[in-house]
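Residue numbers (our numbering): 41 to 417.
All remarks here apply to the structure that follows.
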């Protein structure tokens, strides 16, 4: 027997995992189709299908066309056999969603709640989470966990915030939540969960810079189809790229950061009005608001050009401001990027709006546990 040979039990678990994944990836498939795809015997497939049915992970969903004889049964995964919850904690609100194994949002809520780094706040927010879980009415053994997305850089272990100037939450630890919640939990950077949601919706993304144009700017670097994490800090902290030395003061304490020029809050402050009112004026041809928007696009183009000089990748614009961006704005932005580039042939990247929705960060946080289950099933 070879030293690293799998045991019989390990082979059985591996086959079971591969069969489940084959059903999941194909949406619905017959026993014969699984046998052919995985090169497994029909008895082996039948035994594992019976086990997966007994565990309420799969079900029969019909029959396929037959070339003769009895029509083969089709199997599919039960989408809500496992559920994950995602929470997004913002300065003035919190959002919570429940997500099934297909990544479909089942329920969602938003509560207007001012963030406070206090024991009473954490007790209150966990009570809201627990009430939401009770409302969803799923057995506890079907709940995979709760992903908690926050503004702030998170430790690689997901158990603490290591830098949180926006919410002043640098001392927040996972225990602030888990003392009240009896489920697996993890802290996640909100920019990364938004990017995770984007990857789920567009799995063909290979290399991209995901720029999250929320009230506070954020981002993530996607390489080889996965969110790249640095050795110490997260990778893709575009908000603190210096555009103008000695420029506007950023909340981080430095001057000239991208955050101070291209976050939604910076645009609101410069315009002196809400985003809705601002973009109504821009689209109506207002000279003042048009100049502000044009300057904004120049600043964002400068940042994008800097990113492209480091990583030749696609650019995806997500977050609050992306909801207002029109195709003509994308073309203007591309033109400004090329004007600032040292290479006049540098036009190979793609720039697009994301599939971001209002609950993207919370949904991406829930997907952490969905992906973990699918990887380990």
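Don't be surprised by glycine CBs; every beta carbon is placed ideally from N, CA and C.
Inter-residue spacing [alpha-carbon to alpha-carbon] between residue i and residue j
{"i": "residue 304", "j": "residue 199", "result": "29 angstroms"}
{"i": "residue 130", "j": "residue 116", "result": "37 angstroms"}
{"i": "residue 191", "j": "residue 89", "result": "43 angstroms"}
{"i": "residue 75", "j": "residue 358", "result": "42 angstroms"}
{"i": "residue 41", "j": "residue 412", "result": "Confidence at residue 41 is low in this model, with a pLDDT of 42, below 50, so the placement of that residue should be treated as unreliable; the coordinate-derived value is given next. Those two C-alpha atoms are separated by around 32 angstroms."}
{"i": "residue 153", "j": "residue 51", "result": "50 angstroms"}
{"i": "residue 217", "j": "residue 361", "result": "31 angstroms"}
{"i": "residue 171", "j": "residue 268", "result": "35 angstroms"}
{"i": "residue 338", "j": "residue 330", "result": "12 angstroms"}
{"i": "residue 156", "j": "residue 205", "result": "13 angstroms"}
{"i": "residue 187", "j": "residue 122", "result": "14 angstroms"}
{"i": "residue 235", "j": "residue 249", "result": "9 angstroms"}
{"i": "residue 403", "j": "residue 139", "result": "7 angstroms"}
{"i": "residue 146", "j": "residue 384", "result": "48 angstroms"}
{"i": "residue 87", "j": "residue 407", "result": "30 angstroms"}
{"i": "residue 48", "j": "residue 54", "result": "10 angstroms"}
{"i": "residue 426", "j": "residue 144", "result": "Because the chain here runs from 41 to 417, residue 426 falls outside it and cannot be looked at."}
{"i": "residue 377", "j": "residue 341", "result": "5 angstroms"}
{"i": "residue 232", "j": "residue 82", "result": "42 angstroms"}
{"i": "residue 221", "j": "residue 141", "result": "22 angstroms"}
{"i": "residue 261", "j": "residue 229", "result": "13 angstroms"}
{"i": "residue 409", "j": "residue 417", "result": "12 angstroms"}
{"i": "residue 133", "j": "residue 159", "result": "17 angstroms"}
{"i": "residue 354", "j": "residue 322", "result": "27 angstroms"}
{"i": "residue 66", "j": "residue 336", "result": "44 angstroms"}
{"i": "residue 327", "j": "residue 318", "result": "12 angstroms"}
{"i": "residue 135", "j": "residue 166", "result": "12 angstroms"}
{"i": "residue 96", "j": "residue 118", "result": "7 angstroms"}
{"i": "residue 246", "j": "residue 109", "result": "44 angstroms"}
{"i": "residue 397", "j": "residue 58", "result": "33 angstroms"}
{"i": "residue 333", "j": "residue 368", "result": "13 angstroms"}
{"i": "residue 292", "j": "residue 251", "result": "18 angstroms"}
{"i": "residue 162", "j": "residue 45", "result": "48 angstroms"}
{"i": "residue 179", "j": "residue 125", "result": "13 angstroms"}
{"i": "residue 78", "j": "residue 85", "result": "9 angstroms"}
{"i": "residue 111", "j": "residue 94", "result": "23 angstroms"}
Alpha helix (DSSP H) segment containing residue i, residue limits
{"i": "residue 377", "result": "367-380"}
{"i": "residue 229", "result": "Where residue 229 is concerned, there is no enclosing alpha helix (DSSP H), although the beta strand (DSSP E) it sits in stretches over 225-229."}
Which residues DSSP lists as bridging residue i, in chain order
{"i": "residue 149", "result": "136"}
{"i": "residue 297", "result": "282"}
{"i": "residue 99", "result": "116"}
{"i": "residue 172", "result": "In DSSP, residue 172 forms no bridge with anything."}
{"i": "residue 194", "result": "201"}
{"i": "residue 183", "result": "123"}
{"i": "residue 257", "result": "253"}
DSSP three-state assignment for residue i, whether helix, strand or coil
{"i": "residue 324", "result": "coil"}
{"i": "residue 113", "result": "strand"}
{"i": "residue 318", "result": "helix"}
{"i": "residue 313", "result": "coil"}
{"i": "residue 70", "result": "strand"}
{"i": "residue 403", "result": "helix"}
{"i": "residue 53", "result": "helix"}
{"i": "residue 189", "result": "strand"}
{"i": "residue 263", "result": "strand"}
{"i": "residue 206", "result": "coil"}
{"i": "residue 269", "result": "strand"}
{"i": "residue 39", "result": "For the chain, the structure presents residues 41 to 417; residue 39 sits outside this window and is missing."}
{"i": "residue 361", "result": "helix"}
{"i": "residue 409", "result": "helix"}
{"i": "residue 414", "result": "helix"}
{"i": "residue 41", "result": "Summary for residue 41: the model assigns pLDDT 42, below 50, so the residue's position carries little reliability; its value from the coordinates is reported in the next sentence. Residue state, collapsed to three classes: coil."}
{"i": "residue 65", "result": "helix"}
{"i": "residue 308", "result": "helix"}
{"i": "residue 347", "result": "helix"}
{"i": "residue 48", "result": "helix"}
{"i": "residue 105", "result": "coil"}
{"i": "residue 75", "result": "helix"}
{"i": "residue 160", "result": "helix"}
Extent of the continuous beta strand (DSSP E) run through residue i
{"i": "residue 420", "result": "The chain is shown from 41 up to 417; residue 420 falls before or after that span and cannot be answered."}
{"i": "residue 94", "result": "First-last for residue 94: 82-94, but that is the alpha helix (DSSP H), not the beta strand (DSSP E)."}
{"i": "residue 418", "result": "The chain is shown from 41 up to 417; residue 418 falls before or after that span and cannot be answered."}
{"i": "residue 354", "result": "354-358"}
{"i": "residue 252", "result": "248-253"}
{"i": "residue 125", "result": "123-129"}
{"i": "residue 289", "result": "No beta strand (DSSP E) contains residue 289, which DSSP labels as neither H nor E."}
Cutoff 8 angstroms: residue i Cβ touching any chain C Cβ
{"i": "residue 187", "result": "Here chain C cannot be found, since the structure has a single protein chain."}
Quick check: the segment 232-243 against the segment 281-291, are at least 3 beta-carbon pairs closer than 8 angstroms?
no
Hey, is the segment 209-216 in contact with the segment 253-268, meaning 3+ C-beta pairs nearer than 8 angstroms?
no
Using a Cβ distance threshold of 8 angstroms, determine whether the segment 366-385 contacts the segment 97-105, with at least three qualifying pairs required.
no
So, do the segment 308-323 and the segment 337-355 have three or more beta carbon pairs nearer to each other than 8 angstroms?
no
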